[in-house]
Structures are given as C-alpha cells and as structure tokens.
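Peer 1:
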Amino acid sequence: MTVLDATPALAGHWTPVCAYTDLLPERGAAVLVGDRQVAVFRAFDGALYALGNLDPFSGAQVMSRGIVGTRNGEPTVASPMHKQVFSLISGVCVDNPRVAVPTYPIRVTDGTVEVSVA
Amino acid sequence: MRLVVVGHGPAAHRLIETLAGRGFSGTVTVFGEEPRPAYDRVALTSYLSGKSVEDLTYPVPDGVTVRTGVRVTAIDRARRVVTTDAGDSEPYDVLVLATGSAPFVPPVPGRDLPGCFVYRTIDDLDAIREASRGARAGVVVGGGLLGLEAADALRGLGLDTHVIEMSGRLMPRQVDEGGGSVLRGHIEALGLTIHTDAGVRSIEAGQDGRVASLVKPDGETIGAQVVVFSAGIRPRDELARDCGLEVGERGGVVVDEGMRTSDERVYAIGECALAGGVVYGLVGPCNTQAEVAAERIMDGDASFTGADMSTKLKLLGVEVAQFGAMSGALDVTYMDPVGGVYKRLFISDDAKTLLGGVCVGDAAPYDALRPFVGRPLPGAPSDLLFAGAGGASAELPDDAQVCSCNNVTKGRICAAIADKGLTDVGGIKDCTRAGTTCGSCVPMLKQLLVKSGVDVGKALCEHFSHSRAELFDIVNVRGITTFSQLIAEHGTGRGCDICKPVVASILASLGRGHILDGEQAALQDTNDQFLANIQKNGTYSVVPRIPGGEITPDKLIVIGEVARDFGLYTKITGAQRIDLLGARVEQLPAIWRRLVDAGFESGHAYGKALRTVKSCVGSTWCRYGVQDSVGMAIALELRYRGLRSPHKLKSAVSGCARECAEARSKDFGIIATEQGWNLYVGGNGGFKPRHADLLASDLSTDDLVRTIDRFLMFYIRTADRLQRTAAWLENLDGGLDYLREVIMEDSLGICAELDAQMERHVSTYADEWRTTIEDPDKLRRFVSFVNAPGVPDPSISFETERDQIKPVLIPLEVTR
Ligand SMILES: Cc1cc2nc3c(=O)[nH]c(=O)nc-3n(C[C@H](O)[C@H](O)[C@H](O)COP(=O)(O)OP(=O)(O)OC[C@H]3O[C@@H](n4cnc5c(N)ncnc54)[C@H](O)[C@@H]3O)c2cc1C
Ligand code: HEM
Ligand code: SF4
Ligand code: FES
Numbered sequence: 176m177t178v179l180d181a182t183p184a185l186a187g188h189w190t191p192v193c194a195y196t197d198l199l200p201e202r203g204a205a206v207l208v209g210d211r212q213v214a215v216f217r218a219f220d221g222a223l224y225a226l227g228n229l230d231p232f233s234g235a236q237v238m239s240r241g242i243v244g245t246r247n248g249e250p251t252v253a254s255p256m257h258k259q260v261f262s263l264i265s266g267v268c269v270d271n272p273r274v275a276v277p278t279y280p281i282r283v284t285d286g287t288v289e290v291s292v293a
Numbered sequence: 005m006r007l008v009v010v011g012h013g014p015a016a017h018r019l020i021e022t023l024a025g026r027g028f029s030g031t032v033t034v035f036g037e038e039p040r041p042a043y044d045r046v047a048l049t050s051y052l053s054g055k056s057v058e059d060l061t062y063p064v065p066d067g068v069t070v071r072t073g074v075r076v077t078a079i080d081r082a083r084r085v086v087t088t089d090a091g092d093s094e095p096y097d098v099l100v101l102a103t104g105s106a107p108f109v110p111p112v113p114g115r116d117l118p119g120c121f122v123y124r125t126i127d128d129l130d131a132i133r134e135a136s137r138g139a140r141a142g143v144v145v146g147g148g149l150l151g152l153e154a155a156d157a158l159r160g161l162g163l164d165t166h167v168i169e170m171s172g173r174l175m176p177r178q179v180d181e182g183g184g185s186v187l188r189g190h191i192e193a194l195g196l197t198i199h200t201d202a203g204v205r206s207i208e209a210g211q212d213g214r215v216a217s218l219v220k221p222d223g224e225t226i227g228a229q230v231v232v233f234s235a236g237i238r239p240r241d242e243l244a245r246d247c248g249l250e251v252g253e254r255g256g257v258v259v260d261e262g263m264r265t266s267d268e269r270v271y272a273i274g275e276c277a278l279a280g281g282v283v284y285g286l287v288g289p290c291n292t293q294a295e296v297a298a299e300r301i302m303d304g305d306a307s308f309t310g311a312d313m314s315t316k317l318k319l320l321g322v323e324v325a326q327f328g329a330m331s332g333a334l335d336v337t338y339m340d341p342v343g344g345v346y347k348r349l350f351i352s353d354d355a356k357t358l359l360g361g362v363c364v365g366d367a368a369p370y371d372a373l374r375p376f377v378g379r380p381l382p383g384a385p386s387d388l389l390f391a392g393a394g395g396a397s398a399e400l401p402d403d404a405q406v407c408s409c410n411n412v413t414k415g416r417i418c419a420a421i422a423d424k425g426l427t428d429v430g431g432i433k434d435c436t437r438a439g440t441t442c443g444s445c446v447p448m449l450k451q452l453l454v455k456s457g458v459d460v461g462k463a464l465c466e467h468f469s470h471s472r473a474e475l476f477d478i479v480n481v482r483g484i485t486t487f488s489q490l491i492a493e494h495g496t497g498r499g500c501d502i503c504k505p506v507v508a509s510i511l512a513s514l515g516r517g518h519i520l521d522g523e524q525a526a527l528q529d530t531n532d533q534f535l536a537n538i539q540k541n542g543t544y545s546v547v548p549r550i551p552g553g554e555i556t557p558d559k560l561i562v563i564g565e566v567a568r569d570f571g572l573y574t575k576i577t578g579a580q581r582i583d584l585l586g587a588r589v590e591q592l593p594a595i596w597r598r599l600v601d602a603g604f605e606s607g608h609a610y611g612k613a614l615r616t617v618k619s620c621v622g623s624t625w626c627r628y629g630v631q632d633s634v635g636m637a638i639a640l641e642l643r644y645r646g647l648r649s650p651h652k653l654k655s656a657v658s659g660c661a662r663e664c665a666e667a668r669s670k671d672f673g674i675i676a677t678e679q680g681w682n683l684y685v686g687g688n689g690g691f692k693p694r695h696a697d698l699l700a701s702d703l704s705t706d707d708l709v710r711t712i713d714r715f716l717m718f719y720i721r722t723a724d725r726l727q728r729t730a731a732w733l734e735n736l737d738g739g740l741d742y743l744r745e746v747i748m749e750d751s752l753g754i755c756a757e758l759d760a761q762m763e764r765h766v767s768t769y770a771d772e773w774r775t776t777i778e779d780p781d782k783l784r785r786f787v788s789f790v791n792a793p794g795v796p797d798p799s800i801s802f803e804t805e806r807d808q809i810k811p812v813l814i815p816l817e818v819t820r
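If you're matching them up, the sequences are chains S and A in order.
Sequential numbering of the first sequence, starting at 176, is according to my numbering.
Sequential numbering of the second sequence, starting at 5, is according to my numbering.
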C-alpha cells in the first residue's frame, strides 16, 4: 500500500501506532506516543486525521470516543462529553472558534498508520 | 486609539464584536467584575436546567484583552486613566461605560441574612442552588418579569414557592388587569402562592442564623429558607457619579443620541445609560445602543432614538406578550377564563391604526401583529385577535421589524435568504443576527423561509431534511438496515453527532441487529459504543439490571465483590439499583464477564432506552397493598428491557393508591386498584416535573400490557429526537383523547402493526453485554490505547473520600 494522506511540512519523526485495518471507518481510537495521547480518526473516504485526545472543555482524554461526521462538508468529531464539535482538519472548535485542539501529521506506510508529534 | 470598556456584559460584548466586525484598529481592553467573560444573561435561567457556563459564554473577538474578575474603582477624566481594584491603572483615549444595572433590594430588616439573594449572575444562581438543597420553601420579592423567572427557577429547584408583588397584579409593566388575573390563574394552578398588594415588613432568622421566615406588613408570616429579591433594577452609575459625569435624577448616565456622556471621550451603553430619559431594561435596546456607540467610535453617525419595548416570553409554561402601547381609544378583548387565554388589542379612535396589544396564554397575535404597530390594521379587529392561529395571516410590509432584539426588518431577512441562498434559521442568524438573542422571533424566521420557498421546520440536521418520525417511517417501510443506505438515498453528506445516534436508535427500535454490529458501531454515542455511561474524568459506570428493584442476597454479594475487586465506587441510585463507578474502558469486559456469569444483564443506564420499572413493596408484604406491584414491575421490566426509544423511558408500579413508588412521575406509571390497574402516561421529574395523565382505569393485566405496548411503540414511531413522553404528549394534536383513540380504539388502523413490532422486540431481545463479551471482534475496541492495549489511561487517577474512590480532575489551562 502507498501513502494515503500525508502532511509532510511539519512532520518530524514518525511513530508507527497501529495497522490501518485496526481503525473502523468513521470512528476514532486513542494512541499513546511517549506520554502524549493522540486521537486518530479514519473518515468514511479512508482519509486519516490526528488530534490531541484531550477535550479542552472537560479536561478528560476522550476526543477519540466522539462521533465522526461532517459540518458543511468539513469532517468533524463531536466531544463525547458535552458535544462541542471540532474540525478534524484544523482542530478548531466549530461551536466556539476561540478553542482548538492540536492537530498532528498522520500517514499510512505499507498498511501501518504513523503519526508525528515532534 | 486605546479603547477601554468598563463592564463585560451583553452590551459590552455587542460593542466589541461590532468593532471587530468593522475592522477597528485600536487596542481594546475590557474590565469585567464577574469572574468570567460576558455571557448570555437573557438565558441565565437555562443554567439551572443544564446549560453549562460554556454554553452561555460569548466568544471574545481576537485581539481584545479581557480582564475578568477586575473591577474598575475610579475614573480620572483629566488624566484619562481608570484605576482598578487589582491596584493597577489603564490609560484610555476613549472610554465606554457598560456597567449594566444591579437588582434593587428594598431596605427591609433582615435583607442581609444568609439565605437572601438576588437573581442576576451565574454566581447568584450557584448560591441559590446551593441554598435550596435541604430548603423547603422560597419567596420571591417582586412579581415582574424577572421575579416570575426567579420563581420558576425556585420551583424547578423543588421549593414550595411564593411571590410577593406590591401592585395589584403580576407583571404590571407588561399586562393589564384582565391579563394579570388570567396569568395569576395559570401560575396558581402550578402550585405557586401569589400575594399581590403586599410587601415585606421583615425577614426573620432561625436559630442557625439563616433566613427562616418572611413577615408581610399585615403580619402574615411565610416560612421560607430562601428569599430572592427581584424588585426592579438600578443603573450602576456610581463610577460616573464619582467622576462628575451627568447622571439622571433617578439614576442612569445621561447620554445623547450618539450614546456620548457629558464628556465627549466617554460613552455609556446598556442598562447603565439614560437615553432620552429612559433606562432600557431589555437586551434589544442595549444591543442597538452598543452598535450605535461602535459606529460613533469609528467616526460614523448612527443614532439611538428610542426602542421597541415589546416583549414576548414563556414563563412557567405560560405565554405572555405585550407590544406597542398599553392603552388606546378603542380596544377589542377576548377572554376565556377556563382555557386561560386573554387577548386585547388597542386601536386608534378612527379604528384604523393598531396601537398595541396584550396577550396571556396564547401569544400568536404577537408574532403576527407586532410589525403592524402604528400602521393600518391588516384586517377586521376581531379576526386579528386570532391572527397567527390559522386565522388572518397578514402580509408584512418590508420595513416591519421582525427581530426586536437585534433590530432586523423583514426586508433585510428576505434579502439575505434570496441573495445568500439561505436554507435554515442558522443561516439567517449568521447573516443578520436575527433570532440570536431571546429567540422569540424564530417562528417568524421559519415562516419567512417558508414564504421564500424554502422547505423547513422539521429538518433533523444539515444532513436530513426529515423529522425523526419521518425517518422512522422511511426505515420501517423501506426496510432500510444501514445508515449508509439511508443517507445515500434520503440525505446528504456523511452525518453528524445528531443524526447518527437518531438513526442508530431507530434501527435498534426496529430490531435491526446488535448495536455494535458492523457499521452501526460507528453511529453510537460513546455511551452506547462502550455500553456504559461516561463520567466526568473519562471513566464509565456499570449498572446491572435489577428488575423491579428485587435482588437476592447472593446477587448483592456478587455486586459487592465485583466493586471491591475492581476498586469501583458504589452508590444506590434513585431507580432501585446499584451504580458502580470509575471503571476504565479496558476493565469493562472483565467486570461484565463476572456480572454476566452471576446472571446479571445490562441495565441500559447508558442508553436512550427503558431504564427501570420501580416498584413499591406491594400486596405480598404491605398491609395496604391490593395487587402484587413487585411482580408486575418485574414482568414489565423484563418485557421492555433493551427497548430503544427517542429518549430514556422510566416506569414504576405502586401496589395501592398510596403510590409509594411515585409512578405518576414516570413515562408510564401503574397504580393498583381493587379491580385491576390504572395506567398513567407522560410523567417525568426533573427541572419541569409533570405528573402523568390517567390513560385508562381498572385494566386487566392483559389489557394493561397491550395498552403499554402500543403506547410505547406509537411514541417511538412519532416522537422527535430527545423528546420525552411528557413533551410528546403535550405536543400531540388532540392530546390524551387522540392517544386513546389511536391505541385503544385503533382509529388509525395501526394497532396490529404496533403489536407486531413490540412482539418482535420481546422475542428477539438478547442481552447486549452477553453478546459483546462473547464476540472477540467487539471486545477488541475496549482498550484505552490501540497501540498499547494493556496500558491504562495515565490521566485517570483517584483520591479517597468517605472510604471510596473519587476522581482527581486535571485543572484546565486551556480555554480562556
Ligand atoms: C434573569 C434575567 C432574565 C432576563 N431576561 C430577559 C429577556 O428575556 N429579554 C430581555 O430583553 N432582557 C432580559 N434580561 C435583561 C438583560 O439581561 C439585560 O438587559 C442585559 O444584560 C443588559 O446588558 P448590560 O451589558 O447593559 O448589563 P449587564 O448584563 O448588567 O452587564 C454589566 C457587567 O458589568 C459589570 N460591572 C459593573 N460595574 C463594573 C465595574 N466598575 N468594573 C468592572 N465591571 C463592572 C457587571 O458585573 C456586569 O457583569 C434579563 C435579565 C435577567 C437578570
Ligand atoms: C435531562 C436531565 C438528566 C440527565 C442529563 C440525566 C443523566 C443521567 C445519567 C447520565 C445517569 C446515569 C448515571 C450513571 O449511572 O452513569 C442518570 C441516572 C439516573 N437519573 Fe438522571 N438525568 C436527568 C434527569 C433525571 C431526572 C429528571 C430524574 C428523576 C426525576 C433522574 C433520575 C435518575 C435516576 C433514578 C438514575 C439512576 C438510573 C439507574 O439506576 O439506571 N434523572 N441520569
Ligand atoms: S403503594 Fe400501597 S402497597 Fe405499595 S408500599 Fe405503598 S402502601 Fe404499600
Ligand atoms: S426578537 Fe429576540 S432574538 Fe429576535
């Protein structure tokens, strides 16, 4: 398999985290990279996204457990705690643009998902 | 330019937002005395019914410095600096006072006792909520708009509530005498006690030093532990007074049409300003004033020349509206004391011009007629009393104001719909601000969309233009089994956190597979995804089903052992079962394996589904009981367990009319009679408690079960998303009589289908947790980290309280 999606500009060191097939379509999963928690998502069209797992509204590490969807075509995830919706592309909270979660580069190499949290 | 704003309330927020929108290039510093940035004060009461501070807080525009928790203590106009209670000072080129107002507390003895409050800020509400725990009764001093809102809040907090009003009627500013008496009837029917023509002589303390009673001038004593003053507002003009700005005789910073005070570098806006001799106590005029000041600061020439003080609100479930003048040479009145409706329109002496109106119990004329104030009557006066209710529907002129909070005309809204191709109310809000404040104009906005040819109203979200009930029918009739199929054929995009759980619930109600099978897994809310209820620190709760609340000692011991072995916190819930809290995702399967092995099954505490059927002791033991309430509760809980529905379902069975199981506070409640069972439907507890209505009496067991089957299936088929049976029943056209016709007389000919659907549910039920722990594929998802399945989430930790665990929460450094 080849690279499906990469954001090389910022990418430093890539960490393999799981097999692409470990991720369910339109669901997230949390991965631990060092001591950082990252939420990785597989969208309907196969694209991958990585955000910080910390929900900035509740302070709990739960973003990976939200519902994935779209708002005006933009892929999103809704925090499972109080349902604020965040863009999977920018990490910005659609309901309150002052708040954002970090985003991380993510790609697939030979069937393995890799994220970069450099 | 250095702009300094004193006060961070709605008016200040509108000011800085307007400036940001127009590209203001100076620096902006805002001082707010409250410990949080500006929030939607109009929606304050919703904080008690579950809105969070975040929900109410306004976003701060980029580049603006907001200093919360800092009070400005003095203004030096000569040096152009303000000083603060934090001990620093801030220079300005332009200063805006937006200090709002403070509730007036009449000088009665005892007004400072602990237990006395005002109703203005989030902190006030926190304090009132705290004091209401353990309190029995509360008194609101003041029967105006805000007083009744506070009374509604006290009632919602479970207090026996009194209202004291000085004048002869409630809401004297908004309604006339006839309206006042109808309003009073409504409110008394809710159990509140109204004292008009009354005042307060003193407030007395009990032995604990807190409020214990309130004494009226006539000597009558009302026992109460909470007193809320809502006897009018006073502009906070103290800073202006101290620095020599001109203030009104009865308070308020005097401003001209450009919102400028007697110092040309200082503006005043909102409830602290006296504009044209009036202090405006509604948010609409405050917003307009803020916009005018913003214009002027940027060298524009907008003016504030007075504002519409019309109001429409729903208080304690009663619609009250007033618009235009409250008097006129002629008037037409409609009064229905039985139905609790009062409407009166004021008309000019030549019977040609509409001057104003008052409505209680039915505010439909408000939407339809307010834009016509000062204009020729759009129809015969008596027809107009029924305007909006399917009667005369008048065509509004383009310059008629539709949103009074934000001063938006019909013309502007229609132009926005046409030019920008808007298709929903959200779009109108974004483009014009109409509908963003009190929301009372939203029905009008929908009508304007419809008139512009847009199909609206029932759309679930941006992905489906259908209502939940329509989606149910589509899934049912077309035999749809997946979300993908449904959205491809009937929706757009890929769904969201609103439509996905709705469709998941419909599929589950119709028995289309395990909720974690295949694609359905991706539709579930986190609670349904992990078959457990998420808690504030990201752990989950475990609630095994205990049908009817009956449990053997052996099973109790198993629960105790499981809790002990996994280090869980245990608590007995109000639904007669036991909640085990603090389980991490990866512990859930092991915990449930132990519970399933001991014969427990999922209690669905996490789902929009049947929770429990509570029961009282019943005739087996109780010396009053006339039927076996425990046996009936167990039978019903086992019949309906696992049934997914638009919202949670609760039930209870009492063994006699003493009603110890509180069945009438449930979605369906059963009370035993000598002859059989009485069935009540549509009850709930919570912020707006509602007693269930009697649907049928003295039913045999078979008739009872059949009637409940149909009631539940008809509700599941037709209710909106997250609409409990109480709201569903209240909105059902034809109400209880219609419900009886449909499910007991089969007027729609659907009973056979409802029965078959319930039969399918009962015969295909399988415990979700058992099927999950038997399926390795499903189990693989129960990990904290996919790349480290054995590792627990390091951010979760506990401390000890009363010999049990308690979450340690991570302090938030993020947001503001
Ligand atoms: C419960 C409730 C319900 C309401 N419902 C409605 C409704 O349905 N419709 C409607 O139109 N209106 C309603 N209102 C009125 C509406 O909220 C007010 O008109 C609006 O809040 C006025 O805005 P403001 O910014 O002028 O003042 P405020 O909201 O009072 O804000 C002023 C802020 O300035 C701060 N402040 C004051 N002095 C200083 C100082 N020296 N230094 C720093 N900060 C200072 C105050 O703490 C406050 O936070 C309601 C009000 C309440 C309390
Ligand atoms: C909309 C408001 C409400 C919300 C959001 C809410 C939320 C919840 C949640 C999340 C739980 C599960 C706790 C857990 O086990 O993890 C729960 C349980 C419970 N709630 Fe509520 N609740 C609401 C209103 C009410 C009302 C109005 C009542 C009663 C009048 C009530 C009574 C109960 C009871 C008795 C339980 C325990 C249920 C059980 O044993 O399964 N709740 N509620
Ligand atoms: S409701 Fe009647 S039967 Fe049930 S416990 Fe109370 S008194 Fe006894
Ligand atoms: S009238 Fe209040 S938001 Fe439009």
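Think of the CB as a built atom: it goes at the ideal place given N, C-alpha and C, for glycine as much as any other residue.
Predicted model only: the values in this text are computed from it and were never measured.
If residue 380/A and residue 357/A are in contact, beta carbons under 8 angstroms, what's the gap, nearest whole angstrom?
Peer 2: Indeed they touch by this definition, with Cβ atoms about 6 angstroms apart.
Peer 1: Mapping DSSP to helix, strand and coil, what is residue 339/A?
Peer 2: Residue 339/A: strand per DSSP, three-state reduction.
Peer 1: I'd like to know if the stretch 206 to 226 of chain A and the stretch 364 to 377 of chain A are in contact, where contact means that at least 3 CB-CB pairs between them fall below 8 angstroms.
Peer 2: In short, these stretches do not touch, since the Cβ pair count stays below three.
Peer 1: Helix, strand or coil for residue 805/A? Go by DSSP, reduced to three states.
Peer 2: It is a strand residue.
Peer 1: From the beta carbon of residue 198/S, is the nearest beta carbon of chain A less than 9 angstroms away?
Peer 2: It does: the Cβ of residue 198/S has a partner Cβ on chain A nearer than 9 angstroms.
Peer 1: What distance in whole Å lies between the Cβ atoms of residue 46/A and residue 442/A, which are believed to be in contact at a cut-off of 8 angstroms?
Peer 2: With 8 angstroms as the limit, residue 442/A and residue 46/A qualify as a contact, their Cβ atoms being about 6 angstroms apart.
Peer 1: Going along chain S, which residues have a C-beta under 8 angstroms from residue 875/A?
Peer 2: The first residue shown for chain A is 5 and the last is 820, placing residue 875/A beyond what the model contains.
Peer 1: Give me, in chain order, the residues of the same chain whose beta-carbon lies closer than 6 angstroms to that of residue 111/A; leave out the 5 immediate sequence neighbours on both sides.
Peer 2: Excluding sequence neighbours, residue 111/A sits near nothing in its chain.
Peer 1: Which residues share a DSSP beta bridge with residue 700/A?
Peer 2: Answer is 683/A, bridged to residue 700/A.
Peer 1: If you run the structure through DSSP and keep just helix, strand and coil, what is residue 131/A?
Peer 2: In this structure, residue 131/A counts as helix in the three-state DSSP scheme.
Peer 1: Please classify residue 382/A as buried or exposed, where buried requires at least 16 other C-beta atoms within 10 Å of its C-beta.
Peer 2: It counts as buried.
Peer 1: Could you pull the start and end residues of the beta strand (DSSP E) that residue 389/A belongs to?
Peer 2: Looking at the DSSP string, residue 389/A is not in any beta strand (DSSP E), and its letter there is neither H nor E.
Peer 1: Have a look at the DSSP bridge pairing and note the partners of residue 811/A.
Peer 2: 802/A.
Peer 1: With DSSP as the reference, identify every bridge partner of residue 251/A, one or two as the case may be.
Peer 2: DSSP output for residue 251/A lists 257/A as bridge partner(s).
Peer 1: Identify whether residue 176/S lies in helix, strand or coil by the three-state DSSP scheme.
Peer 2: Annotation note: pLDDT 31 at residue 176/S (below 50); position unreliable, no value reported.
Peer 1: Should residue 3/A be counted as a contact of ligand 1 given a C-beta to heavy atom distance under 8 angstroms?
Peer 2: Outside the modelled stretch of chain A, which goes from 5 to 820, sits residue 3/A, for which no answer is possible.
Peer 1: Are residue 14/A and residue 44/A touching if we call contact CB-CB under 9 angstroms?
Peer 2: Yes, they are a contact pair.
Peer 1: Could you say which of 616/A, 620/A and 541/A lies nearest to residue 585/A if we only look at CA atoms?
Peer 2: Answer by Cα proximity: 541/A.
Peer 1: Starting from residue 58/A, find everything on chain S with Cβ-Cβ shorter than 8 angstroms and list it in chain order.
Peer 2: Per Cβ cutoff of 8 angstroms: 232, 257, 259 and 271.
Peer 1: Hey, is residue 691/A's beta-carbon within less than 9 angstroms of any beta-carbon in chain S?
Peer 2: Residue 691/A does not count as touching chain S.
Peer 1: Would you call the CB atoms of residue 288/A and residue 312/A closer than 9 angstroms?
Peer 2: Going by C-beta atoms, residue 288/A is nearer than 9 angstroms to residue 312/A.
Peer 1: Inspect the CB distances between the stretch 587 to 606 of chain A and the stretch 782 to 797 of chain A and report whether three or more fall short of 8 angstroms.
Peer 2: At 8 angstroms Cβ cutoff, the stretches touch.
Peer 1: Please work out which residues of its chain come closer than 6 angstroms, Cβ to Cβ, to residue 253/S, disregarding the five sequence neighbours upstream and downstream, and give them in chain order.
Peer 2: Correct list, in chain order: 241, 242 and 260.
Peer 1: Among 653/A, 724/A and 700/A, which one has its Cα closest to the Cα of residue 676/A?
Peer 2: Ranking the options by Cα distance to residue 676/A, first place goes to 700/A.
Peer 1: Looking only at its chain, what residues have a beta carbon closer than 6 angstroms to the beta carbon of residue 202/A, apart from the 5 residues adjacent to it on each side?
Peer 2: The answer, listed in chain order, is 168 and 220.
Peer 1: Between 175/A, 149/A and 144/A, which has its C-alpha nearest residue 165/A's C-alpha?
Peer 2: Out of 175/A, 149/A and 144/A, 144/A has the C-alpha closest to the C-alpha of residue 165/A.
Peer 1: Tell me whether the stretch 520 to 538 of chain A and the stretch 563 to 576 of chain A touch, counting them as touching only if at least three CB pairs, one residue from each stretch, are closer than 8 angstroms.
Peer 2: Short answer: they don't touch.
Peer 1: My assumption, with CB atoms under 8 angstroms, is that residue 52/A sits in contact with residue 152/A. Please give the rounded CB distance.
Peer 2: Actually they do not touch by this definition, with Cβ atoms about 15 angstroms apart.
Peer 1: Is the distance from the Cβ of residue 686/A to the Cβ of residue 697/A below 9 angstroms?
Peer 2: Cβ distance < 9 angstroms, so residue 686/A and residue 697/A count as in contact.
Peer 1: Short of 8 angstroms in beta carbon distance, which residues of its chain neighbour residue 207/A, apart from the five on each side in sequence? Order them along the chain.
Peer 2: So the qualifying residues of the chain are 112, 113, 114, 115, 117, 120, 215, 217, 218, 219 and 231.
Peer 1: Hey, is residue 243/A close to ligand 1, as in C-beta under 8 angstroms from one of its heavy atoms?
Peer 2: Yes - ligand 1 has a heavy atom lying nearer than 8 angstroms to the Cβ of residue 243/A.
Peer 1: Is residue 62/A near ligand 1, judged by its Cβ being under 8 angstroms from some heavy atom?
Peer 2: No.
Peer 1: Does the stretch 630 to 642 of chain A touch the stretch 592 to 612 of chain A, meaning 3 or more C-beta pairs lie closer than 8 angstroms?
Peer 2: With the cut-off at 8 angstroms, the stretch 592 to 612 of chain A and the stretch 630 to 642 of chain A do not touch.
Peer 1: Could you pull out every residue in the same chain whose Cβ sits closer than 8 angstroms to the Cβ of residue 282/A, ignoring the five residues on either side in sequence?
Peer 2: For residue 282/A, where only same-chain residues beyond five positions count, the Cβ hits under 8 angstroms are 310.
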